[in-house]
Amino acid sequence: MDISVIVPLYNEAESLPELEQWIARVMKENSFTYEIIFVNDGSTDNSWEVIRELSQNNPVVKGVCFRRNYGKSPALNTGFVRAQGDVVITMDADLQDSPDEIPELYRMITQEGYDLVSGWKKKRYDPLSKTIPTKLFNATARKVSGIKNLHDFNCGLKAYRNKVVKHIEVYGDMHRYIPFLAKNAGFSKIGEKVVQHQARKYGKTKFGLDRFVNGYLDLATLWFTNKFGVKPMHFFGLLGSLMFILGFIAVVIVGAIKLYNLYTGKPTILVTDSPYFYLSLVLMILGTQLFLTGFLGELIVRNSPGRNHYEIEEEIQLS
Ligand code: UDP
Ligand code: MG
-6 MDISVIVPLY
4 NEAESLPELE
14 QWIARVMKEN
24 SFTYEIIFVN
34 DGSTDNSWEV
44 IRELSQNNPV
54 VKGVCFRRNY
64 GKSPALNTGF
74 VRAQGDVVIT
84 MDADLQDSPD
94 EIPELYRMIT
104 QEGYDLVSGW
114 KKKRYDPLSK
124 TIPTKLFNAT
134 ARKVSGIKNL
144 HDFNCGLKAY
154 RNKVVKHIEV
164 YGDMHRYIPF
174 LAKNAGFSKI
184 GEKVVQHQAR
194 KYGKTKFGLD
204 RFVNGYLDLA
214 TLWFTNKFGV
224 KPMHFFGLLG
234 SLMFILGFIA
244 VVIVGAIKLY
254 NLYTGKPTIL
264 VTDSPYFYLS
274 LVLMILGTQL
284 FLTGFLGELI
294 VRNSPGRNHY
304 EIEEEIQLS
């Protein structure tokens, strides 16, 4: 099969028939073999009935229905597990992404050798309150992930080589960083294609402004787990040691001054009257705790199934 189209959706009943027809038309024009996997993320409208009907009329339409709403990432991951096509395309259900982009995305994966091609909504039809924070967000994501050529990490329209989706796990709200996940799994040929974007035709957006707060927190998590995921002591131990040493030096200085003054008969103040004494206490306590956090982290890693998971590209004469 050439293409799997994965569509995560939450209350998008009005858009679905139009979207399905549009995808089917593009596939037919280009004679692709394909499947459409609708992942109904616990919609409370009649989206699932619509999907059933669509699949009765077109056997390549498949569907998964969550019993409740989990989020876009779980929906995508569920689609990824089931996708059979050589190229996997993800697309929002709200008709903001255009299926007309599919043939070019397919070509970029199969002929130009990209592992992942992300859409870039260069001209967006979204409110300013969304487009401006998005620019900032993407600049940070570029910096942290080291994927310098992407302008639109969170674009719903993306194409993947099948292997990529089988080797990444999207969970929580990590769909914003799929290119980063792919890069961490060793898929480095990541490209971009400018795509058409339309204003939402039906329904309304499912994400509020909290997406930016959560987005930044998730980025911090990804950075941390990628860098220190299996060696937390390198992070906590270093930080803890630095703080402890700083505190220790401070307390030595406080004590030495006191002793020196006592010895030379100069007037002294109580050690507990010095602000540096308290500073050093805090630093040493926090430092010790960070260090212990490192040990705890190491104990957790020792028991985690992922501690010895590596992405293996090829082997010779081993089985
Ligand atoms: N979506 C989903 N589960 C959710 C929220 C959203 O499957 O909990 C789907 C939604 O139906 C749409 C896609 O994710 O197909 C993108 O959502 P939306 O269009 O609301 O995001 P925006 O375009 O505003 O970024
Ligand atoms: Mg949308």
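Per this note's numbering, the very first residue in the sequence shown carries number -6; after that it's consecutive.
The beta-carbon is built from N, C-alpha and C at its ideal position, and this holds for glycine as well.
Nearest CA to the CA of residue i: which residue from the options?
i    : options                   : result
K123 : V206, M226, P268 and A152 : V206
V158 : A213, M236, Q77 and T133  : Q77
I183 : I250, V53, M(-6) and N142 : N142
D313 : A134, V187 and P96        : Because residue 313 is not part of the residues shown, which for the chain are -6 to 312, the question remains open.
E304 : I161, I293, L274 and I242 : I161
K21  : V245, I44, F221 and P92   : P92
L274 : E46, V244, G64 and A192   : V244
P10  : Y256, L202 and L88        : L88
Determine which residues share a DSSP beta bridge with residue i and list them.
i    : result
W113 : V187
E28  : S(-3)
R154 : V80
V57  : V32
L283 : Paired residue(s): none; L283 is not in a bridge.
L2   : N33
D90  : H190
When burial is assigned at 16 or more other CB atoms within 10 Å of the CB, is residue i buried or exposed?
i    : result
I29  : buried
K176 : buried
S181 : exposed
H168 : buried
T218 : exposed
G248 : exposed
T313 : As shown, the chain starts at -6 and ends at 312. That puts residue 313 outside it, with no answer to give.
S315 : The chain is shown only over -6 to 312; residue 315 falls outside these bounds and no answer can be derived.
P268 : exposed
D90  : buried
R204 : buried
R154 : buried
T37  : exposed
T71  : buried
E308 : exposed
Y253 : exposed
P52  : exposed
L69  : buried
So, at 7 Å on beta carbons, what are the nonlocal neighbours of residue i in its own chain, with the 5 sequence-adjacent residues on each side left out?
i    : result
H144 : W113, N131 and E185
E291 : P225 and M226
For residue i, collect the residues of the same chain with a Cβ closer than 6 Å to its Cβ; drop the 5 residues on either side in sequence, then sort them by chain order.
i    : result
G233 : G280, L283 and F284
G208 : F130 and R169
T286 : F229
M236 : L276, L279 and G280
F59  : D34 and G35
V354 : Residue coverage of the chain in this structure runs from -6 to 312, which leaves residue 354 outside it and unanswerable.
Can you name, in chain order, every residue of its own chain whose Cβ lies under 8 Å from the Cβ of residue i, other than the five neighbours on each side?
i    : result
M101 : Y107, V110, A152, G184 and K186
Any beta-carbon of chain B closer than 8 Å to the one on residue i?
i   : result
A76 : No chain B appears in this structure, which consists of one protein chain only.
task = May I ask you to verify whether the segment 96 to 115 touches the segment 143 to 154, counting CB pairs closer than 8 Å and requiring at least 3?
result = Touching, per the Cβ criterion.
request  = Would you check if there are 3 or more beta carbon pairs closer than 8 Å linking the segment 284 to 304 to the segment 256 to 267?
outcome  = no
task = Tell me, please, whether the segment -6 to 9 touches the segment 186 to 196 by the rule of three or more beta-carbon pairs shorter than 8 Å.
result = yes
query = In chain order, what residues place their C-beta within less than 6 Å of a heavy atom belonging to the ligand MN?
reply = What this structure holds is the ligand UDP and the ligand MG, not the ligand MN.
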